[in-house]
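So the structure is just underneath, and the comments pick up after that.
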């Protein structure tokens, strides 16, 4: 008998759980967690669809219900945590016979994996947003969309930042961060709502979508600037200029070089014979641009957004969108639900006196977020257009606003009350705008819900 | 100024890497690792497609090149590891300025995440295999397919197990495990090859596919039995009977109860209005059945396979397959490449005398694997059928064989030489069968490569 075939004593391994067994249990827990996330996100989004609200609001609320502000089932612990929520602790002890330490280990890993999937989720989400954006569409609605976009970025940013500093005594960096979170209209939500009420192809619709695209790019550049500010803690004019230059240079060169590179990719893809011949190279491109963006000091999502913009212009854009859709459907809910789950709404509980100023700040941010976009309607010079509709169409914040909340929460540098206020702002504007937009456009036309 | 708004000192955080910064770096490393996996898997599968070999062989070989037997870029370390491969160590030190401990931490997490994605990948792969299986198709080719399937399972299993025990002195449990790994024909590879040479709808093609389906189910039952054996270390006839009963009961009740449940799901799905309305509930179903299967002592993949079988019968089966395909395209390569990367082929290096017996075992397993399936052709009673083609069509092993290798490797109970021999058997049969099948079917017809 060969030495080679000797194997360890199996029975011993069963008595004391090995690392590998704990990892097997971790797979179970991750499966359960993802199933739970899917279940609540689908219930939430379907309920919202019934109420004619955007699905994303439902996923956020589902996350809030599942997370620290609700059932305490989806919580993200750190290495310093010593106790788990009782329900989870009991489940891991009774069903798997884990000790306290083992249960903590499994649950810490579970949280890190869900966070990582959420990070990959937002990278893929912005890849899709890039794919849905269209530089040419923007050029056709021209100057008007640009004016709406810039006014809609500058006004809420300025008033929110100044207001937070002078009315509420918030430190400048935190105020700039919160102000920046108010800038970007959600292109996904806006386009979805417009298409639901058949107004996507009207001039108003095109201006809104065009402005939302510029907005998105501005929002992402602002995000890069602010994310760096929050890391270095300083408002250095040099580093702002550097970052704007890097962001613009990255986007421009990604688009210009990317156009040539895309032809090469498309050529290669056309010659491929195996499954996944379009999606896999496209994801390599998106992940590598995300990686490069991160390495030069920007956010990963800027890279995947640029990859989407570039690939949208190739003749594979439509097919890629179709293939990416199921992937988005299963990974992006993890992002939205996690964001909701991390939101600690107890900070907004008005029965505690210490929370009241936080609540006032939330109301202030919501007001500025709404008024700051409504005024963009006043910049519309064509008298035949529905100014109110354009202003209202710009109100919903979404993905980028939530990304701000995520980055702020992860940095540890933004107080959780501000994070909660930003998320409340996103939820409120997201809830408000669709019904309002339907109301001001008066004739809703044939309704499509899918 | 409110206490609430006070924030930590950012500059301090940059000097010493915090856990959250290490996690950000881990995201980068996971992105790079996945991109690398995608790149090599695509190169490997495309090269194999050019050589008219199945794409999966290319992904396995790509993994071997990337892993411990090759470039040492995709390696899975454990908590006890103290040094990283020099290239990775250098990269993490120079690019990210990580200390040795931090680099180990990042890389350990990276490996665990890739392993977990690989686990989810195989669950989704078997969900797709279930979706592609068709109980009715099997019934139409009837008894013939059943005979081919049973003979093709029993013959290789019996001769491999007996041979390993009596010729090579392998302990019975390990021998049973290796024998079991030889049983299941790869339905994916076989169906793919038959469709490539336009023989899927011939009687031979239908018998092969029907037998491969039964094979798959038998293989999965055997897997359940053997995986449990390897954990308890005993060949207890009671536990075998228990497991066969549990496996059969699980599959039967999943199918019977699942049929009713599927109507409910389909009804709910038809009323849903938001994105992902089919894929997300289907994945909840697959993940929960995977979880339940695991809890009652079977493997997770039996659950997702059963979920696929059930959903394939609903009127949503085709749409679900179409939606699942892009997901499979991006997650399954992580499984195949990881399997390859974990394969330590140095054990088969013939220049070391201690390896030579291992090599002989590998050759023995490959021979039994081929002859054991070829004999199934002799059981074909219709003289007008191409017996050789049916035998050859059953030769390729694939997913289930590799799952055996994975479970064996993770259990720590199967010597790595046996694991390597199983993987070599899978690679060899996978390589051999397609060209051979094309040869014996003589008139290949119109060739389609997609």
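Protein chains in written order, with this note's numbering: chain R, 1 to 450; chain C, 451 to 900. Yeah, the Cβ is synthetic: ideal placement off N, Cα and C, and Gly gets one too.
Counted as a single uninterrupted DSSP element, the alpha helix (DSSP H) harbouring residue 119 of chain R occupies residues 100-132.
Contacts between residue 276 of chain R and chain C, judged by CB atoms closer than 7 Å, involve 779, 780 in chain order.
Annotated three-state conformation of residue 275 of chain R is coil, per DSSP. Under a 10 Å Cβ-count criterion, residue 381 of chain R is classified as exposed, with fewer than 16 other Cβ atoms of the shown protein chains found around its own Cβ. For residue 871 of chain C, the enclosing alpha helix (DSSP H) has its first and last residue at 866-890. In the assembly as shown, residue 788 of chain C is a buried residue. Its beta-carbon has 16 or more other beta-carbons within 10 Å. Judged by beta-carbon spacing, residue 574 of chain C lies beyond the 7 Å limit of residue 483 of chain C, meaning their Cβ atoms are not closer than that value. The DSSP-derived three-state label of residue 812 of chain C is helix. Segment contact: the stretch 808-827 of chain C against the stretch 605-617 of chain C, three or more CB-CB distances shorter than 8 Å; contact assigned. Taking a contact as a CB-CB distance under 8 Å, the pair residue 112 of chain R and residue 559 of chain C counts as one, their CB atoms being some 7 Å apart. With respect to chain C, the C-beta atom of residue 352 of chain R has no partner C-beta closer than 7 Å. Residue 259 of chain R is bridged by DSSP to nothing; it lacks a bridge partner.
Every unbroken stretch of the alpha helix (DSSP H) spanning 4 or more residues and falling wholly within the stretch 302-381 of chain R is given here in chain order: 317-342, 356-374. Ranked by Cα distance from residue 292 of chain R, the first of C:472, C:471, C:479, C:473 is C:479. What residue 569 of chain C touches in chain R, judged by beta-carbon distance under 7 Å, is 27, going in chain order. Taking the CA atoms as reference points, residue 815 of chain C sits about 27 Å from residue 521 of chain C. Nearest CB-CB separation between residue 519 of chain C and chain R: not below the 7 Å threshold. Comparing alpha-carbon positions, the option among C:492, C:717, C:726, C:526 lying closest to residue 511 of chain C turns out to be C:492. Note that the stretch 690-708 of chain C does not touch the stretch 542-558 of chain C; fewer than 3 beta-carbon pairs, one per stretch, sit closer than 8 Å. Note that the C-beta distance between residue 376 of chain R and residue 151 of chain R is below 7 Å. When 7 Å is used as the limit between beta carbons, residue 49 of chain R is near these residues of chain C: 723, 724, in chain order. Here residue 185 of chain R is bridged, per DSSP, to R:397. Residue environment for residue 38 of chain R: buried (at least 16 other C-beta atoms within 10 angstroms of its C-beta).
DSSP places residue 512 of chain C inside the alpha helix (DSSP H), whose first and last residues are 505-516. Following the DSSP letters along the chain, one finds residue 86 of chain R inside the alpha helix (DSSP H) bounded by residues 86-96.
The C-beta of residue 704 of chain C comes no closer than 7 Å to any C-beta of chain R. A distance below 7 Å between beta-carbons, with the five flanking residues on each side excluded, links residue 349 of chain R to the following residues of its chain, in chain order: 355. Chain C places no beta carbon closer than 7 Å to that of residue 212 of chain R, leaving this residue out of the contacts. Cβ contact annotation for residue 595 of chain C (same chain, cutoff 7 Å, sequence separation greater than five): 588, 657, 660, 661, 664, in chain order.
Going by beta carbons, residue 571 of chain C and residue 781 of chain C fall inside the 7 Å limit.
Apart from sequence neighbours up to five positions away, the residues of its chain that approach residue 580 of chain C with a beta-carbon distance below 6 Å are 755, 758, 759, ordered along the chain. Distance from the CA of residue 583 of chain C to the CA of residue 326 of chain R, rounded to the nearest whole angstrom, comes to 22 Å. A straight-line Cα-Cα distance of about 55 Å links residue 170 of chain R and residue 856 of chain C. The residue among R:286, R:438, R:423 with its C-alpha nearest the C-alpha of residue 481 of chain C is R:286. Residue 737 of chain C has a beta carbon lying within less than 7 Å of a beta carbon in chain R.
A residue is called buried once 16 or more other Cβ atoms fall within 10 Å of its Cβ, and residue 411 of chain R is buried on that count.
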